[in-house]
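See below for the structure under consideration.
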Amino acid sequence: MMLDSCPSTNAYIGEQFRAHPEQWNTLDWVATADQTAGTGRLGREWVAPRGTSLALSVFFRVDQPGEIPSSEATWLSVLCALALTRTLEELGADERAARLKWPNDVLVNGKKIAGILAQFHSVLRPLHPGASAGAERETSSGVVVGIGTNISMTQEQLPVRTATSLALEGIEASVDQVREAFLKNIREAFQTFKRGNYQPAAWLRDAVKNKLSSLNMDVRAELPNGRHVYGQCVDLDNQGALIIESADGQRHIISAGDIIHLRRSDGAYA
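Count along the sequence shown starting at 1, add 1, and that's the number in our numbering.
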């Protein structure tokens, strides 16, 4: 569904799902070119002038027969990020330039062009439609993955100098073109994921690692508890967490936080 304007596409789906969980199916989506109150990870504000960006959220049902188990739901944001890099390449971005910055950014030529936010929703509903309030209930759960992509924003309109847009990268594409190309690519990526019984098979981990800008780089991981971990990014685990090896050889599993690039393993700074 394309909306003329919306405070937040993620919030819109979350509200509608909680009100009518039976109406939402995997790969249902909501998008707008005028998101007025968008947020990113950690509640960070995401604002763009009307018509200069695409805010698009995709719904995935979890923990139902034939649907994604919640144990593998962490891969959904990565799946969307891969679909977006494929979209950017189809629109003209160099294959080597479109990269993923763990955990939720998409880069072109080292600058952020898109951010991704995944949110989990769960609601109790009657087991049988029309049942009384005291009737047996079941839990309906879903994940909403929101993607905000800078399309025609100028350097002056971007919030930070480390951000970019399709226009600034010399790629001419409309909001509609980006939306349709992304939806095609996420459907294809999801079908591959589904055929593998929603397991992070080698193709998915390898695809992510191939696009991961942090791999083999010296990084600082800034964790939610305020702690910092220094080391080299060496791998991803089976849940998509980053593995950082510190100077003493200890390996740290980073499942949440911000990653700051320090310098590449060849000694050059990022």
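All C-beta atoms in this analysis are idealised placements derived from N, C-alpha and C, irrespective of residue type, glycine included. Please read all numbers here as calculations on a predicted model, not as lab measurements.
Three or more beta-carbon pairs drawn from the stretch 46–55 and the stretch 150–163 are found closer than 8 Å, and the two stretches are therefore classed as touching.
For Q156, there is no enclosing beta strand (DSSP E), as DSSP marks it with neither H nor E. Membership of T33 in the beta strand (DSSP E) is indicated by the continuous run W30 to T33. Of all alpha-carbon atoms in S142, V124 and V179, the one lying nearest the alpha-carbon of G149 is that of V179. Restricting attention to alpha helix (DSSP H) runs no shorter than 4 residues, the stretch 146–227 encloses them at 176–196 and 203–212, ordered along the chain. When L80, V48 and A49 are compared, the shortest CA-CA separation from F61 is found for L80. In the DSSP assignment, M3 is bridged to A32. Put simply, of V107, N186, V124 and E91 the residue whose alpha carbon is nearest the alpha carbon of G116 is V107. Listed in chain order, the non-local C-beta contacts of H229 below 8 Å within the same chain comprise R221, A222 and E223, local neighbours out to five positions each way being set aside. Bridge partners of S247 according to DSSP: none are assigned.
Around the beta carbon of T37, fewer than 16 other beta carbons lie within 10 angstroms, which makes this residue exposed. Under the 8 Å Cβ criterion, the stretch 63–71 does not count as touching the stretch 92–112, having fewer than three qualifying pairs. The C-beta distance from S71 to S142 rounds to 7 Å, short enough to fall under 8 Å. Taking C-beta atoms as the reference points, V176 and V59 fail to come closer than 8 Å. In this structure H21 is exposed. Its beta-carbon is surrounded by fewer than 16 other beta-carbon atoms within 10 angstroms. Linking R252 to Q24 through their CA atoms gives a straight-line distance of about 44 Å.
Between A119 and L77, the CB-CB gap stays under 8 Å. Taking all protein chains in view, the Cβ of E173 is surrounded by fewer than 16 other Cβ atoms within 10 Å, so the residue is classified as exposed. Within the same chain, Cβ atoms closer than 6 Å to the Cβ of G232 are found at I245, E246 and S247, the five residues on either side in sequence being excluded.
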